[in-house]
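Down below is the structure, laid out as structure tokens.
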Amino acid sequence: MGVGLILTSPPDRVEQLFSLASRMGFRSWVLGRITEGTGSIKIKLGWRGGESIEI
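With positions in the sequence shown counted from 1, the corresponding number in the numbering used here is that position plus 3.
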């Protein structure tokens, strides 16, 4: 069991965020993209045949 945290970042800052997470001992993944104008994040679920959800 572990701790999970969802962060949002502008596309041009993702590599910096990954680098920081790695230096601190965390693993990181890009889960989706922010759907502009809606305040929601669209996540593509690779383990469910590419289905997408919005949170």
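Glycine residues also receive a C-beta, built at the ideal position from the N, C-alpha and C atoms.
Just to check, is the beta-carbon of residue i closer than 8 Å to a non-hydrogen atom of the ligand GTP?
| i | result |
| --- | --- |
| Val-17 | The ligand GTP is not part of the structure shown, which contains no ligands of any sort. |
Pick out whichever of the options has its Cα sitting closest to the Cα of residue i.
| i | options | result |
| --- | --- | --- |
| Pro-14 | Arg-36, Ile-44 and Thr-41 | Arg-36 |
| Glu-39 | Gly-7, Ser-12 and Leu-8 | Ser-12 |
| Val-6 | Leu-23, Arg-16 and Ser-31 | Ser-31 |
Going by DSSP, what residues sit across from residue i in a beta bridge?
| i | result |
| --- | --- |
| Gly-35 | Ile-46 |
What is the rounded straight-line gap between the Cα of residue i and the Cα of residue j?
| i | j | result |
| --- | --- | --- |
| Ser-25 | Glu-18 | 10 Å |
| Ser-34 | Leu-20 | Looking at the sequence itself, residue 34 is Leu, so the reference to Ser does not match. The alpha-carbon atoms of Leu-34 and Leu-20 are separated by roughly 14 Å. |
| Glu-54 | Leu-10 | 21 Å |
| Phe-29 | Gly-42 | 26 Å |
| Met-27 | Leu-8 | 14 Å |
Name the two residues that bound the continuous alpha helix (DSSP H) containing residue i.
| i | result |
| --- | --- |
| Val-6 | Val-6 -> no alpha helix (DSSP H), and no H or E assigned at all. |
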